[in-house]
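Beneath this line is the structure, given in structure tokens, with notes to follow.
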Ligand code: SF4
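In the UniProt record's numbering, the protein residues as written are 1 to 550.
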């Protein structure tokens with residue numbers, strides 16, 4: 001095998017564990033093509049693990065981080081050398097694609113933050129020293145004493161401060177003096193004491209300064225990698241093919257309206273339109289449609305919708321990428337990153353208070369219905385009965401009849417009058433007029449959840465899971481809908497398998513009956529195969545084809 005790489009030296013030893021770094025050291029090791037590919041693929045797998053954590057909070061990430069550090073498949077994190085090499089390779093692989101590059105930086109930032117939190121003081125000190133991060137400290141006790149009363153007055157600079165804190169317990173070693181411009185987030189939220197352009201930063205808040213520092217560094221390094229990739233594409237085109245294969249997203253059959261009913265499918269920017277049409281309640285479907293149409297949601301709707309899709313299992317990366325793809329119709333990307341990406345990360349517990357925010361329930365959405373010009377809140381609570389009709393017609397794929405239209409029922413053509421999605425037949429609907437009247441009456445009587453449950457029934461062929469236990473949240477609506485679609489899919493596959501078995505038996509073949517677990521597996525397996533197999537196949541085929549020749 002040909003060796004790859006002839007890169008600048010680092011003085012790291014393979015026996016040392018990963019260090020806090022911005023990965024500006026280029027690997028100098030001699031790698032075989034296979035090692036090169038395996039390291040990059042392992043790092044890519046690591047990124048996938050982080051982006052697939054559902055409803056991730058900081059503690060979820062920390063748990064996952066603890067798991068991957070001992071998992072044998074993540075050898076790429078075991079030593080400094082493999083950590084730096086794998087980072088560098090994957091960065092190169094992502095550099096040419098802006099979306100992949102953004103995801104790369106955002107996952108590496110999570111890894112960096114976790115590693116920073118797990119590092120001891122000495123490791124942090126070495127990091128500051130290496131990157132000449134000039135955090136001055138108070139030189140003399142007298143200087144510090146002068147500063148304490150003002151600090152205490154503000155009270156916010158030290159997260160451990162309370163009224164009872166003794167002055168003698170405040171250590172000058174806990175404070176750093178930095179230019180206010182490096183910590184705009186803390187200044188904005190009055191979390192630092194400011195004097196003459198200098199921010200007095202408590203060490204627990206240092207991470208807020210380091211995150212933008214690390215991100216900026218990565219963006220610079222990505223730009224360098226992109227240039228290198230351009231050179232490689234003329235000199236080592238086979239290597240570029242390897243890199244492209246490494247990060248190529250597996251082709252999914254989940255996009256568009258092709259989703260099946262599996263409740264286990266993950267919500268992504270690619271398949272969200274189909275999920276929304278099939279399984280979002282009117283409040284969220286309305287916000288989703290507005291996001292797609294106007295490429296913008298006002299603050300309340302953004303929070304309610306953002307938390308809902310998080311609750312439905314959309315990863316942070318997917319969520320940022322969905323909002324970015326819409327917002328950048330009308331604003332530049334850097335404005336989106338500056339003004340909106342923070343709020344999304346905040347919802348996922350990665351900024352500010354770092355709390356695991358949960359989706360809003362119906363009670364909240366009903367009590368905060370928004371005004372008529374807005375799209376947040378519960379539409380049944382916000383809209384008048386006259387407004388409800390066009391709303392259901394325009395936004396929810398539901399045709400509504402009023403009393404004057406009821407004679408249409410007699411035609412027996414139920415699709416003419418009630419709801420109607422993708423040409424589906426609506427089984428189990430007794431009378432369109434009664435349904436609409438029911439929705440109207442319940443809206444009028446402020447039984448909004450009953451109106452919504454009826455809406456669910458119309459959209460799910462007469463099935464209403466909210467008869468015994470009332471609908472309490474958009475999440476419950478979504479989950480019941482996914483479960484129902486999943487059951488439909490299982491039934492469909494059961495019928496298919498039964499038919500195949502019967503056909504097999506009739507030809508004299510012996511076919512064992514499948515149990516429930518196997519039937520469930522028959523539904524789920526294609527999904528897993530679609531997500532994972534192509535990548536592995538690609539690695540093997542590339543290795544077989546090219547490694548020995550290179
Ligand atoms: Fe959304 Fe609940 Fe209103 Fe239904 S009742 S539209 S789920 S807020």
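Where is the CB? At the ideal position from N, CA and C, for every residue including glycine.
Which residues mark the beginning and the end of the beta strand (DSSP E) in which residue i is found?
i           : result
residue 344 : Not the beta strand (DSSP E): residue 344 falls in the alpha helix (DSSP H), residues 341-347.
residue 200 : 198-202
residue 23  : Per DSSP, residue 23 belongs to no beta strand (DSSP E) and is neither H nor E.
residue 194 : 193-195
residue 177 : 175-179
Can you list, in chain order, the residues of its chain whose CB lies under 6 Å from that of residue i, leaving out five sequence neighbours each side?
i           : result
residue 481 : 279
residue 85  : 27, 39
residue 403 : Confidence at residue 403 is low in this model, with a pLDDT of 34, below 50, so the placement of that residue is unreliable and no value is reported for it.
residue 314 : 267
residue 320 : 341, 344
residue 237 : none
Could you pull out every residue in the same chain whose Cβ sits closer than 8 Å to the Cβ of residue i, ignoring the five residues on either side in sequence?
i           : result
residue 20  : 112, 115, 116, 119, 123, 124, 126, 127
residue 222 : 91, 94, 95, 101, 104, 105
residue 518 : With a pLDDT of 48 at residue 518, under the threshold of 50, the modelled position of that residue is not reliable, and the figure given next carries that caveat. Same-chain partners within the cutoff: there are none.
residue 74  : 42, 45, 46, 68
residue 187 : 180, 194, 199
residue 272 : 288, 309, 314, 322
Over what stretch of residues does the alpha helix (DSSP H) that includes residue i continue unbroken?
i           : result
residue 288 : 282-294
residue 131 : No alpha helix (DSSP H) holds residue 131; DSSP gives it neither H nor E.
residue 44  : 33-51
residue 85  : 80-94
residue 368 : No alpha helix (DSSP H) contains residue 368, which DSSP labels as neither H nor E.
residue 183 : Segment: none, residue 183 is in no alpha helix (DSSP H) and carries neither H nor E.
residue 234 : 206-235
residue 111 : 98-118
residue 379 : 379-382
residue 361 : No alpha helix (DSSP H) contains residue 361, which DSSP labels as neither H nor E.
residue 449 : 448-459
residue 309 : 299-311
residue 274 : 272-279
residue 318 : 316-327
When you compare each of the options to residue i by their alpha carbons, which one comes out closest?
i           : options            : result
residue 129 : 22, 390, 36        : 22
residue 200 : 240, 225, 491, 138 : 138
residue 64  : 315, 196, 50, 74   : 50
residue 448 : 314, 60, 132, 281  : 281
residue 304 : 286, 336, 315      : 286
residue 212 : 77, 302, 341       : 341
residue 298 : 311, 220, 323      : 323
residue 338 : 388, 196, 347, 184 : 184
residue 133 : 174, 146, 206, 62  : 206
residue 311 : 283, 351, 34, 358  : 358
residue 219 : 383, 107, 174, 136 : 107
residue 191 : 329, 283, 316, 352 : 352
Please state whether the Cβ-Cβ distance between residue i and residue j is less than 8 Å.
i           : j           : result
residue 208 : residue 24  : no
residue 203 : residue 176 : yes
residue 269 : residue 318 : yes
residue 466 : residue 478 : no
residue 180 : residue 109 : no
residue 391 : residue 451 : no
residue 326 : residue 368 : no
residue 307 : residue 371 : no
residue 83  : residue 18  : yes
residue 142 : residue 172 : no
Can you name, in chain order, every residue of its own chain whose Cβ lies under 7 Å from the Cβ of residue i, other than the five neighbours on each side?
i           : result
residue 484 : 460, 463
residue 434 : Note that residue 434 scores a pLDDT of 47, beneath 50, so its modelled location is shaky and nothing firm can be said.
residue 239 : 232
residue 197 : 179, 180
residue 523 : In this predicted model, residue 523 has a pLDDT of only 35, less than 50, meaning its place in the structure is not dependable; the value taken from the coordinates is given anyway. So the list reads 262, 489, 490, 493, once near-sequence residues are dropped.
Please confirm whether any heavy atom of the ligand SAH lies closer than 7 Å to the CB of residue i.
i          : result
residue 87 : Inclusion of the ligand SAH in the displayed structure is not the case, the ligand content consisting of the ligand SF4 alone.
For residue i, would you say it is in contact with chain D, using Cβ-to-Cβ distances shorter than 8 Å as the test?
i           : result
residue 274 : Looking at the structure shown, chain D is missing, and only one protein chain is on hand.
| said: Tell me whether the region 361-376 and the region 469-479 touch, counting them as touching only if at least three CB pairs, one residue from each stretch, are closer than 8 Å. | reply: yes
| Below 8 Å, can you find three or more Cβ-Cβ pairs linking the region 88-106 to the region 228-244? | yes
Query raised in the report: Does the region 225-237 come close enough to the region 274-288 to have 3 or more Cβ pairs within less than 8 Å?
Result: no
Do three or more CB pairs link the region 283-301 to the region 368-381 at distances below 8 Å?
-> yes
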